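Here the structure is laid out as structure tokens; the discussion comes afterwards.
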Amino acid sequence: MQYHIGVIAGDGIGPEIVREARKVLDRISEVFGCDFVYEEILMGGCSIDVHGVPLTEEAIAQAKGCDAVLMGSIGGDAKTSPWYKLEPSKRPEAGLLGIRKALNLFANLRPAYLYPELKAACPLREDIIGDGFDMAIMRELTGGLYFGEKKTEEVDGKLVATDVLTYSEEEIRRIAIKAFESAAKRKKKVTSVDKANVLDSSRLWRKIVEEVAASYPEVTLEHMLVDNCAMQIVKDPKQFDVILTENMFGDILSDEASMVTGSIGMLSSASFNDTKFGLYEPSGGSAPDIAGKGIANPIATILSAAMMLRYSFDLDKEADAVEEAVRRVLKDGYRTIDIMPQPTESREGIRQVGTAEMGDLICERITG
2 MQYHIGVIAG DGIGPEIVRE ARKVLDRISE VFGCDFVYEE ILMGGCSIDV
52 HGVPLTEEAI AQAKGCDAVL MGSIGGDAKT SPWYKLEPSK RPEAGLLGIR
102 KALNLFANLR PAYLYPELKA ACPLREDIIG DGFDMAIMRE LTGGLYFGEK
152 KTEEVDGKLV ATDVLTYSEE EIRRIAIKAF ESAAKRKKKV TSVDKANVLD
202 SSRLWRKIVE EVAASYPEVT LEHMLVDNCA MQIVKDPKQF DVILTENMFG
252 DILSDEASMV TGSIGMLSSA SFNDTKFGLY EPSGGSAPDI AGKGIANPIA
302 TILSAAMMLR YSFDLDKEAD AVEEAVRRVL KDGYRTIDIM PQPTESREGI
352 RQVGTAEMGD LICERITG
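Here the sequence shown is numbered in the working numbering, starting from 2 and rising by one per residue.
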């Protein structure tokens, strides 16, 4: 079967890390017989340089014609890049917001996995992390407080600001379905996070999530208030599988979860609409200060490609092969500079490698 992949290399280190992800996909094609066809799509600063805007209608049409999109990074140095002299709607990041809206990418999935070899980088005590943890946050991406009505007005001579938090039954149902589908491929547990003791939107959220849960009897559902969840992530992260939550709560909790893994440079992510289509990208930024130096960590982008195999193409065996290859490379002691042990830690058996070499090492460990 042929799979049509849109490729947005983007800006900064984007082209370097996407190159390694494509190298890994080509290795998967060689080993498992998959047929991947790539289509280059311009977005972000590189699109501004060519077209004067961060996202064109042509780029949107290209993305819509693909089965999935793999993206590197968007943006540059806000202090020095001419892109940031433009009005906000024409800056690189506006392209990312635009493509999410155009493709109706309402669900964001961000795994947070602690590799045993990187336990020393985790800020939590060893007795808390134990053998590590493996959670994923499913965040609603296009509704809630961030997209509600906003206004600032003068009332009785004083400024009053208002932000409206609104969720419809359908918005909640579709993100809940994504969470349960994800959990069914993982450890079969959903923790739905809300503030149902205070907010009407959360009470509706809880009601609809329970209705969706009835269609997934193999998946366990628990409810947790957001303040408790924030505490539990640092107290006992091992308890979580898939955390389901609304936009603002997910924004905060996903950043918290990423930091307890010790390195955001290892974290993949995916954004979905209501089909199998997904946009897959690393959680980190464009890192313009190290672009072109060959030292960027490609693992997050490679793991994003593995998510694409699993969630958009249902190629679980192939995704497993990529993830296992990453684990083996880390176990064998290879590190890019961002995940090297601190000077005070032992570096015995550890070897620093660059972007391309890390991609090669992962490819070598992909077997059928």
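Glycine is no exception: its CB is placed at the ideal position from the N, C-alpha and C atoms.
This structure is a prediction, so every number in the text was calculated from the model and none was measured.
**OP:** Could you tell me how far apart the beta carbons of Tyr-168 and Glu-247 are, in whole angstroms, since I believe they sit closer than 8 Å?
**Re:** 7 Å
Subject >> Proximity below 8 Å, CB of Gly-266 to CB of Ile-363 >> reply: No. Outside cutoff.
Subject >> Neighbourhood of Glu-182 by C-beta distance below 6 Å, restricted to the same chain and skipping five residues each side >> reply: none
**OP:** Could you tell me which uninterrupted beta strand (DSSP E) segments, each at least 3 residues in length, are contained entirely in the stretch 154 to 203, listed from first to last along the chain?
**Re:** 159 to 164 and 190 to 195
Original post:
Buried or exposed: which applies to Thr-163, given that a residue is buried once 16 or more other Cβ atoms fall within 10 Å of its Cβ?
Top reply: Answer is exposed; the Cβ neighbour count stays below 16.
**OP:** Within its chain, find whatever has a CB closer than 6 Å to the CB of Glu-17; leave out the 5 residues flanking it on each side and keep chain order.
**Re:** The beta carbon of Glu-17 sits closer than 6 Å to those of Ala-297 and Thr-356, all from its chain and outside the five residues before and after it, given in chain order.
**OP:** Inspect the beta-carbon positions of Val-191 and Ala-184 and report whether they are closer than 8 Å.
**Re:** yes
Original post:
So, are the CB atoms of Ala-258 and Ser-305 less than 8 Å apart?
Top reply: no
Original post:
Which value, in whole angstroms, describes the spacing of the CA atoms of Glu-127 and Lys-120?
Top reply: 8 Å
**OP:** Within 10 angstroms of the Cβ of Thr-368, are there 16 or more other Cβ atoms? Answer buried if so, exposed if not.
**Re:** exposed
Original post:
Using a Cβ-Cβ cut-off of 7 Å (strictly less than) and excluding sequence neighbours within five positions of Ile-61, which residues of its own chain qualify?
Top reply: Ile-100 and Ala-103
**OP:** Note down, in chain order, each residue of its chain lying with its Cβ closer than 7 Å to the Cβ of Val-51, except the 5 sequence neighbours on either side.
**Re:** Correct list, in chain order: Leu-43.
Original post:
Among the residues of its own chain, which have a CB less than 8 Å from the CB of Gly-131, if the five just before and after it don't count?
Top reply: Lys-239
Original post:
Can you name the residues that DSSP bridges to Tyr-114?
Top reply: Asp-135
**OP:** Could you pull the start and end residues of the alpha helix (DSSP H) that Ser-272 belongs to?
**Re:** No alpha helix (DSSP H) holds Ser-272; the beta strand (DSSP E) holding it covers 269 to 273.
Original post:
Using 8 Å as the threshold, is the stretch 77 to 88 in touch with the stretch 110 to 120, meaning 3 or more CB pairs across them?
Top reply: no
Original post:
Exposed or buried, which one is Met-232 when buried takes at least 16 other CB atoms within 10 Å?
Top reply: Looking at its Cβ environment, which holds fewer than 16 other Cβ atoms inside 10 Å, Met-232 is exposed.
Original post:
By a C-beta neighbour count over all protein chains shown, 10 Å radius and 16 as the cutoff for buried, is Gln-343 buried or exposed?
Top reply: Classification of Gln-343: exposed, given that the 10 Å Cβ count is below 16.
Original post:
When the distance is taken between beta carbons, is Val-327 closer than 8 Å to Ser-291?
Top reply: Residue identity differs from the one stated: residue 291 is Ile in this sequence, not Ser. No, the pair does not count as a contact, with Cβ atoms beyond the cut-off.
Original post:
Expressed to the nearest angstrom, what Euclidean distance is found between the alpha-carbon atoms of Asn-274 and Phe-107?
Top reply: CA-to-CA, the gap between Asn-274 and Phe-107 works out to about 6 Å.
**OP:** Tell me Ser-74's beta-bridge partners as DSSP assigns them.
**Re:** Gly-11
Subject >> Close Cβ partners of Gly-13 (< 6 Å) along its chain, the five nearest in sequence each way excluded >> reply: Ser-74, Ser-287, Ala-288, Pro-289 and Ala-292
Subject >> Nearest-angstrom Cα separation, counted from Val-261 out to Lys-151 >> reply: 33 Å
Subject >> Where Gly-66 falls, given that 16 or more other Cβ within 10 Å makes a residue buried >> reply: Around the beta carbon of Gly-66, fewer than 16 other beta carbons sit within 10 angstroms, so the residue counts as exposed.
Subject >> Reference Val-38, options Glu-21, Thr-57, Gly-53 and Asp-68, closest by Cα >> reply: The shortest C-alpha separation from Val-38 is found at Asp-68.
**OP:** Using alpha carbons as the reference points, say which of Lys-159, Asp-135, Val-330 and Lys-277 lies closest to Pro-112.
**Re:** Asp-135
Original post:
What number of angstroms, rounded off, separates the C-alpha of Arg-171 from the C-alpha of Ile-209?
Top reply: Before going further, note that residue 171 is Glu rather than Arg in the sequence given. About 9 Å.
Subject >> Simplified DSSP assignment, three categories, for Leu-142 >> reply: coil
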